[in-house]
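Asks: Chains as they are written, first to last, in our numbering: chain A, 317 to 616; chain B, 3 to 488.
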Amino acid sequence: MTQIAKPIKRRKIKGDSGAGYAFIAVALVIFALFTAYPVLSALIISFQKYMPLGSKFIGFDNYIDSFKDPLFWKAIKNTVVYTVLTVPVALFISLGVSLLILPLKKKLQTVFKAIYYLPAVASGVALSVVWLWIFDPMPNGIFNQLLGYFGISNVNWLGATSTSMFSLVLMSWLSSHGTSIIIYLAALLGIDDSYYEAAELDGASFLKKLWYIVIPCLKPTTLFLLVTGVIGSFQVFQNAYLMTGGGPDNATTMVGLLIFNNAFKYFEFGKAAAQSLILALIIGGISLIQFKFLGKDVEY
Amino acid sequence: MKRKMRVLASICALTLALTALTACGSSSTTKEGTPEGTNNTNNNNTNVSTEAAKDTITALLPPVSPAYQENFSQMEKDFNALYPNLTLKIEPASWEDMTQKLDTQVNAGSPPDIAFLGSSGISKYVEQGMALDITDAATAEMIADFDQAPLEYMKNGTGLYGFPAYMEVHALGGNKEFLEKAGIDYKKIQKEGWTFEQFREDIKKGVVSEGGKTSRYGFVFATAGVASKDYLAILVKSAGMPAAFDKDLKFAYTSKNYLEVLKDIRVMIDDGSMPKELSSVDAGKRWNMFLTGQTMITGKGLAVFENSANKNNEKIKANDGSAVKGSIPAEYIVLPVPSFAGQKAMASAVVDGYVAFRGKKEPTPEHKANVVKAAYFLASGKVAATTNNDLFAAHITKSGKKEAESMTVNRNPDNVAAVEAMLATASPARPDIPTDLGAKAIKLEDEVIIPKLQALIAGEITPEAMYDAVKAAAIQTFGEDGVVKD
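(1) Mind pulling the chain A residues with CB within less than 7 Å of Q102 of chain B?
(2) Can the beta-carbon of A377 of chain B be found less than 8 Å from the beta-carbon of Y356 of chain B?
(3) Check whether the Cβ of T477 of chain A lies closer than 8 Å to any Cβ atom in chain B.
(4) Got a sec: is the Cβ-Cβ distance from D565 of chain A to anything in chain B below 8 Å?
(5) Considering only heavy atoms of the ligand GDP, does any lie closer than 7 Å to the CB of L490 of chain A?
(6) Mind checking S510 of chain A: buried by the 16 CB within 10 Å criterion, or exposed?
(7) Let me know if L595 of chain A comes out buried or exposed under the rule of 16 or more other beta-carbons within 10 Å of its beta-carbon.
(8) With C-beta atoms as the reference, is L293 of chain B less than 8 Å away from N312 of chain B?
(9) In whole angstroms, what separates the C-alpha of K612 of chain A from that of Q606 of chain A?
(10) Taking contact to mean 3 or more Cβ pairs, one atom from each stretch, closer than 8 Å, check whether the segment 215-225 of chain B and the segment 282-291 of chain B are in contact.
(11) Check the Cβ-Cβ distances between A11 of chain B and every residue of chain A, and say whether any is below 8 Å.
(12) How many angstroms separate the CA atom of A579 of chain A from the CA atom of G586 of chain A?
(13) Step through the CB atoms of chain B and report whether any lies within less than 8 Å of the CB of M559 of chain A.
(14) Residues of chain A with a CB under 8 Å from the CB of K362 of chain B: which are they?
(15) Under the three-state reduction of DSSP, which class applies to L10 of chain B: helix, strand or coil?
(16) Return helix, strand or coil for D448 of chain B, following the three-state DSSP convention.
(17) So, helix, strand or coil for G457 of chain A, using DSSP?
(18) Check the Cβ-Cβ distances between D448 of chain B and every residue of chain A, and say whether any is below 8 Å.
(19) Quick one: residues in its chain with C-beta nearer than 7 Å to the C-beta of A471 of chain B, no 5 flanking neighbours on either side, listed in chain order?
(20) Can L304 of chain B and E98 of chain B be called in contact, C-beta distance under 8 Å?
(21) For K206 of chain B and D273 of chain B, which I take to be in contact (beta-carbon distance under 8 Å), what is that distance rounded to the nearest angstrom?
(22) Using a Cβ cut-off of 8 Å (strictly closer), state whether N45 of chain B contacts chain A.
(23) Is DSSP giving R268 of chain B helix, strand or coil here?
(24) Who are the near neighbours of I547 of chain A in its chain, counting only those whose CB is closer than 6 Å to its CB and skipping five residues on each side?
(25) Per DSSP, what are the beta-bridge partners of F223 of chain B in this structure?
(26) Should A475 of chain B be labelled buried (16 or more other beta-carbon atoms within 10 Å of its own) or exposed?
(27) With three or more C-beta pairs closer than 8 Å as the rule, is the segment 233-243 of chain B touching the segment 320-329 of chain B?
(28) So what's R413 of chain B in DSSP terms, helix, strand or just coil?
(29) Return the chain-ordered list of same chain residues with a C-beta closer than 8 Å to the C-beta of F359 of chain B, the five sequence neighbours on each side being excluded.
(30) Rank A:A520, A:V485, A:N456 and A:A352 by C-alpha distance to the C-alpha of V305 of chain A and give the top, closest one.
(31) In the segment 108-128 of chain B, which residues sit with their C-beta less than 8 Å from some C-beta in chain A, listed in chain order?
(32) Below 8 Å, how does it come out for the segment 561-574 of chain A and the segment 351-367 of chain A: are there three or more Cβ pairs, yes or no?
(33) When you compare the CB of E212 of chain B with every CB in chain A, is at least one pair closer than 8 Å?
(34) Residues in its own chain within less than 8 Å of R202 of chain B by CB, not counting five upstream and five downstream?
(35) Pop quiz: L401 of chain A and S282 of chain B are said to be a contact at Cβ under 8 Å. What is the actual Cβ separation, rounded to whole angstroms?
(36) When you check each C-beta in the segment 459-472 of chain B against every C-beta of chain A, which residues fall closer than 7 Å?
Printed below as a string of structure tokens:
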């Protein structure tokens, strides 16, 4: 039986497609090297007892240990509390500030945008040093001096379990809204003036316009900021690491900090990798829920 | 023109992608093929065929003393003059990022040959198999040069993993003027020590309050930040618990004496002798409080603080604005830690030194011998004498003592005598504690003891609650039979 050799089809790179592949290659290579490969490595390491001179496969032990560890659950609880307290308020503040900036002249808008974005440019470590100074527990600390004017005695902001989480939340409330403000402002500028004109003809108040025009029109932006805010908040590490070190009594130990400690303090890279993947799953799950319930009528 | 631009842009994009790939590839100038045929660091086992073969030894060193890092190039030159075939390559690191830098290199399998670290940190590198046992490479002359007590700290099990740089005691520091005003006979205390009961009464005398506001405390110890481990760890040594494990390798902090120390910690705050905000006081803050006269006694105290206080006093005299803001002249007095629960006082010894590391490949005997030569060079003779004088630390090598004879140090002789007395009763090294037990104890300390101590100091839990939490965690970690029951 003879087989007739089929001519091999060669796909030719025609016209713009070559340039297209070249451009995609940049992103693809960077993604493969700095995202896909580390994630795959983390997955493999999560089933190992990592040792520089040769790791050992230990199955699901790292996952089981993590689920049995009360500190892991405490860290998850702390992270959820931090997220619930910071993200909605951050959205509210960003929207409020954007609404205040919106009626201003373009130059003034730019000035305010720059002012609010400035902390994002500053080093997180430098900002933390300033905040440590603000939260100085002694009576001459900045916040404590303010309290002193009202006859309230000094508070041990970062050193007591009752106030340490609130202090980190307060720090989040009072900083780092620049990006959200710029995004909200861009979205606000994208709302067609005809909506407002029609509403004004109907005699709508500011609050009515806000409720029936601004908030629905901003829904895609709000969803984006909510999802990215929750993801960022779940990964929070720097504030706890620099401000409290997770203390006191692990009251501010977030999952990110716990993972860091397991990896770089105790060299338990397997456990850290397992906890990172659990965290990724949690974040993925929450993001899915957010899209399902809040993204129903959102058009992109 | 349009086509040319497209091609050019595509080439640029591909170049960028390939650059990213290239950056991740292994370099041809890694340790295996160093320039000039030198045998750089511990991964190498080639090119060393004769005793005089060229070799490079790398060292990761923090600012051990105030002037230490200024001398690096001189140290490299002196080493090369001593061993012309060897090059000492020093990589400086700050104290803040020293551990992280070292750990990253260790976990990547390419640590420096030598790193400066505390002896308590050796066990975790031994557990990983990355610390280099130099027992067979250290010559008898080198070993004989060191005092035995600090050398023991560089051991783990039967292995020797480096050479000690100094042996210090974690003590307390007092302001001479305030101690005298409070009627405290500090010279007697320096010689004879004190009990907690005596200490408690004395620090009460140092408190200055007016209208409900305290302008000076009797005692302030740093308990936040990097110093968080020190406070309790130092105090329990003088309560009959010189190490986390007793001689039978049972976890010691379940002893009733531990509870007594916790009660005493709380009572000093309740007395008003220590600030109620103590849980937020870090090392920098409490030193500032000492220099500005906000506390009579501070902790932890190291001999080098006398040097710092003296320097600040000179700056105050010079009146050039370089002194610490609001500081007052303060003569630093070394004081021992009091004894607790009727036990004998035992000073908390700290031994830091030059630890040897290996890479993924076993180093050649020649390279190992060269690493030992470099570690010994750094830990003895002129380098040790200069560094320890700068630190006001005692010399622990014969060669260092000899070199130091010609150097002058402006120290209070009473302080020198007090430190020597404490060194004589310092907690001994415990190389017998297995690395896995040591690692578990460190994790228990980090995850239970320190967090609970912070809550105790903040007044949020009782000493009994903390003791119960520590005991429960210890039993869970070491088992019912693995802890002390008294």
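Ideal Cβ positions, reconstructed from N, Cα and C, are used throughout, including at glycine.
Quick caveat, the model's predicted, so the values are computed rather than measured.
Replies: Answer, in terms of the structure:
(1) Residue mapping note: residue 102 of chain B aligns to position 100 of the second sequence, counting from 1. Against chain A, the beta carbon of Q102 of chain B has neighbours under 7 Å at F580, listed in chain order.
(2) Position 375 of the second sequence, counting from 1, holds the residue named residue 377 of chain B. Position 354 of the second sequence, counting from 1, holds the residue named residue 356 of chain B. Yes, they are a contact pair.
(3) Working through the first sequence from its first residue, we reach residue 477 of chain A at position 161. Chain B contact via Cβ: present.
(4) Within the first sequence, residue 565 of chain A is the residue found at index 249, counting from 1. Yes, D565 of chain A counts as interfacial toward chain B.
(5) Among the components of this structure there are no ligands whatsoever, and the ligand GDP is therefore not found.
(6) Within the first sequence, numbered from 1, the residue matching residue 510 of chain A stands at position 194. In the assembly as shown, S510 of chain A is an exposed residue. Its beta-carbon has fewer than 16 other beta-carbons within 10 Å.
(7) What you label residue 595 of chain A is simply residue 279 of the first sequence in a count that begins at 1. A residue is called buried once 16 or more other Cβ atoms fall within 10 Å of its Cβ, and L595 of chain A is buried on that count.
(8) Here residue 293 of chain B is taken as the residue at index 291 of the second sequence, counted from 1. Here residue 312 of chain B is taken as the residue at index 310 of the second sequence, counted from 1. The answer is no: Cβ separation not under 8 Å.
(9) Position 296 of the first sequence, counted from the start, is the residue given in the question as residue 612 of chain A. Position 290 of the first sequence, counted from the start, is the residue given in the question as residue 606 of chain A. C-alpha separation (whole angstroms): 10 Å.
(10) Counting Cβ pairs under 8 Å, three or more are found: they touch.
(11) Stepping through the second sequence from its first residue, residue 11 of chain B is reached at position 9. Under the 8 Å criterion on CB atoms, A11 of chain B is classed as interfacial with respect to chain A.
(12) Residue 579 of chain A sits at position 263 when you count from the first residue of the first sequence. Residue 586 of chain A sits at position 270 when you count from the first residue of the first sequence. Whole-angstrom Cα-Cα distance: 8 Å.
(13) Start at 1 with the first residue of the first sequence, and residue 559 of chain A comes out as number 243. It does not; no Cβ of chain B falls within 8 Å.
(14) Taking the first residue of the second sequence as 1, we reach residue 362 of chain B at position 360. Those are P368 and L369, listed as they occur along chain A.
(15) Residue 10 of chain B sits at position 8 when you count from the first residue of the second sequence. Correct three-state label for L10 of chain B: helix.
(16) To locate residue 448 of chain B, count along the second sequence from 1; it is residue 446. Helix at D448 of chain B.
(17) Along the first sequence, read from residue 1 onward, the residue named residue 457 of chain A stands at position 141. In the structure shown, G457 of chain A sits in coil (DSSP, three-state: anything other than H, G, I, E or B).
(18) If you number the second sequence from 1, residue 448 of chain B lands on position 446. With its beta carbon less than 8 Å from one in chain A, D448 of chain B belongs to the interface.
(19) As a first step, residue 471 of chain B is located in the second sequence; it is residue number 469 there, counting from the start. Excluding sequence neighbours, A471 of chain B sits near V450 and K454.
(20) By one-based count along the second sequence, residue 304 of chain B stands at place 302. By one-based count along the second sequence, residue 98 of chain B stands at place 96. The Cβ atoms of L304 of chain B and E98 of chain B lie no closer than 8 Å to each other.
(21) Within the second sequence, numbered from 1, the residue matching residue 206 of chain B stands at position 204. Within the second sequence, numbered from 1, the residue matching residue 273 of chain B stands at position 271. The Cβ separation is near 6 Å, so the contact holds.
(22) Taking the first residue of the second sequence as position 1, residue 45 of chain B is located at position 43. Its pLDDT being 43, under 50, N45 of chain B is placed unreliably in this model, and the value from its coordinates should be taken loosely. Judged by the 8 Å Cβ criterion, N45 of chain B is not in contact with chain A.
(23) Here residue 268 of chain B is taken as the residue at index 266 of the second sequence, counted from 1. In the three-state reduction of the DSSP assignment, R268 of chain B falls in the helix class, which pools H, G and I.
(24) Translated into positions along the first sequence, residue 547 of chain A becomes position 231. So the list reads I599, once near-sequence residues are dropped.
(25) Taking the second sequence and counting its residues from 1, the one referred to as residue 223 of chain B is at position 221. Per DSSP, B:G301.
(26) Your numbering for residue 475 of chain B matches position 473 in the second sequence. It counts as buried.
(27) In this structure the segment 320-329 of chain B does not touch the segment 233-243 of chain B; the number of beta carbon pairs closer than 8 Å is below three.
(28) Here residue 413 of chain B is taken as the residue at index 411 of the second sequence, counted from 1. DSSP places R413 of chain B in coil when its eight states are reduced to three.
(29) Counting from 1 along the second sequence, the entry for residue 359 of chain B is found at position 357. Result list for F359 of chain B: N44, V108, P113, P114, D115, I116, A117, Y127, M132, A133 and L134, in chain order.
(30) Since the first residue of chain A shown is 317 and the last is 616, residue 305 of chain A is not available in this structure.
(31) Those residues of the segment 108-128 of chain B that come within reach of chain A (Cβ to Cβ, closer than 8 Å) are V108, N109, A110, G111 and K126.
(32) Flag = no, the segment 561-574 of chain A and the segment 351-367 of chain A do not touch.
(33) Within the second sequence, numbered from 1, the residue matching residue 212 of chain B stands at position 210. Not an interface residue.
(34) Counting from 1 along the second sequence, the entry for residue 202 of chain B is found at position 200. Once the five neighbours on either side are set aside, the close Cβ partners of R202 of chain B are D266, V269, M270, D273 and S275.
(35) The residue labelled residue 401 of chain A in the question sits at position 85 within the first sequence. The residue labelled residue 282 of chain B in the question sits at position 280 within the second sequence. L401 of chain A to S282 of chain B, Cβ: 21 Å. No contact.
(36) Shown in chain order are the members of the segment 459-472 of chain B whose Cβ falls below 7 Å from a Cβ of chain A: A460 and E462.
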